[in-house]
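Trainee: Numbering (this note's numbering), first residue to last: -19 to 196.
The beta carbon of each residue, even a glycine, is placed where N, CA and C say it ideally should be.
I have a structure I would like to understand better, so I am pasting it below and will then ask my questions one at a time.
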Ligand SMILES: CC(C)(COP(=O)(O)OP(=O)(O)OC[C@H]1O[C@@H](n2cnc3c(N)ncnc32)[C@H](O)[C@@H]1OP(=O)(O)O)[C@@H](O)C(=O)NCCC(=O)NCCS
């Protein structure tokens, strides 16, 4: 039987995570947030219980966690990763977040801690790594690899055989052309159309996408 869940974070991404968990029938006990002003508020009808120290009132045998920290690349992305890795090292289990309206091929390989939001599609042969977010209505086409901690933002499309390495952000509505490889820590801006592979550690914007200053 599934354990109840506490969502780490209480911002925008946490709201979508909580909603997906509720829609998939999970019991959500609460959310955490470092900001005292948010404690006691309700999100999707669920209380913000306090900061992460409230976890001392629970045990990993009783409760699973879900990562509610969002990311647009850069520092926020590494915070999302650091917080989860620290809690995992302390023995906590992060649960699967899969909205029932996510369409996921049984021939895709999806890490148990990836988050698949409403309306997304993950096609056969795709590999979706640890901590990845495939956000609302995003498409991960056949045989695509999405590396750990990357975020495929709402309505982005990663076409067949493309590769998105670790810790990338493919912005809202962006398209990554088939076969293109994005190296680690690539940030593709909203609406970018990426038609050439990119080594990583930089930002691409526009149609066709080009590196912004400092990213060549
Ligand atoms: C690419 C992005 C990270 C740049 O943000 P930033 O570092 O704050 O950069 P700025 O807004 O200062 O813009 C820098 C330059 O890039 C241009 N630019 C920024 N975003 C762009 C985009 N998506 N498409 C085209 N050009 C863009 C700006 O016009 C500006 O050009 P200029 O120097 O000629 O004036 C950001 O605009 C973006 O697209 N983020 C992704 C948003 C997203 O996916 N949201 C989903 C959340 S779930």
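Could you check how far apart the C-beta atoms of residue -10 and residue 18 are, in whole angstroms? I think they sit under 8 angstroms.
Mentor: Yes, residue -10 and residue 18 are in contact; Cβ-Cβ is about 5 angstroms, under 8 angstroms.
Trainee: Is there at least one non-hydrogen atom of ligand 1 closer than 7 angstroms to the beta-carbon of residue 201?
Mentor: The requested residue 201 does not occur in the structure, where the chain is confined to residues -19 to 196.
Trainee: Measuring straight from C-alpha to C-alpha, what distance separates residue 173 and residue -19?
Mentor: Looking at the two C-alpha atoms, the distance is approximately 43 angstroms.
Trainee: Just verifying my parser: in three-state terms, what is the DSSP assignment at residue -12?
Mentor: Note: residue -12 maps to strand in three-state DSSP.
Trainee: Give a yes or no on whether the C-beta atoms belonging to residue 82 and residue 96 are separated by under 8 angstroms.
Mentor: A contact, by the Cβ cut-off of 8 angstroms.
Trainee: Could you check whether the Cβ of residue 186 sits closer than 7 angstroms to any heavy atom belonging to ligand 1?
Mentor: Checking the Cβ of residue 186 against ligand 1 gives yes.
Trainee: Which residues does DSSP pair with residue 182 in a beta bridge?
Mentor: Partner(s): 166.
Trainee: So what's residue 199 in DSSP terms, helix, strand or just coil?
Mentor: No statement about residue 199 is possible, as the shown extent of the chain runs from -19 to 196 and does not include it.
Trainee: Alpha carbon to alpha carbon, how far is residue 170 from residue 66?
Mentor: Those two C-alpha atoms are separated by around 30 angstroms.
Trainee: Does the pairing of the segment 61 to 81 with the segment -5 to 10 give three or more beta-carbon distances under 8 angstroms?
Mentor: Segments in contact, yes.
Trainee: Looking at the unbroken beta strand (DSSP E) that takes in residue 47, where does it start and where does it end?
Mentor: Element bounds for residue 47: 44 to 47.
Trainee: To the nearest angstrom, report how far apart residue 32 and residue -14 are at their CA atoms.
Mentor: C-alpha separation (whole angstroms): 10 angstroms.
Trainee: Would a C-beta distance cut-off of 8 angstroms place residue 40 and residue 72 closer than the cut-off?
Mentor: Taking 8 angstroms as the Cβ cut-off, residue 40 and residue 72 qualify as a contacting pair.
Trainee: Rank 22, 30 and 8 by C-alpha distance to the C-alpha of residue 16 and give the top, closest one.
Mentor: Among 22, 30 and 8, the Cα nearest to that of residue 16 belongs to 30.
Trainee: List the whole-angstrom C-beta distance separating residue -2 from residue 34, where the pair is believed to meet the contact cut-off of C-beta under 8 angstroms.
Mentor: Their Cβ separation, rounded to whole angstroms, is 16 angstroms, which puts residue -2 and residue 34 out of contact at 8 angstroms.
Trainee: Alpha carbon to alpha carbon, how far is residue 98 from residue 115?
Mentor: Rounded to the nearest angstrom, the two C-alpha atoms are 7 angstroms apart.
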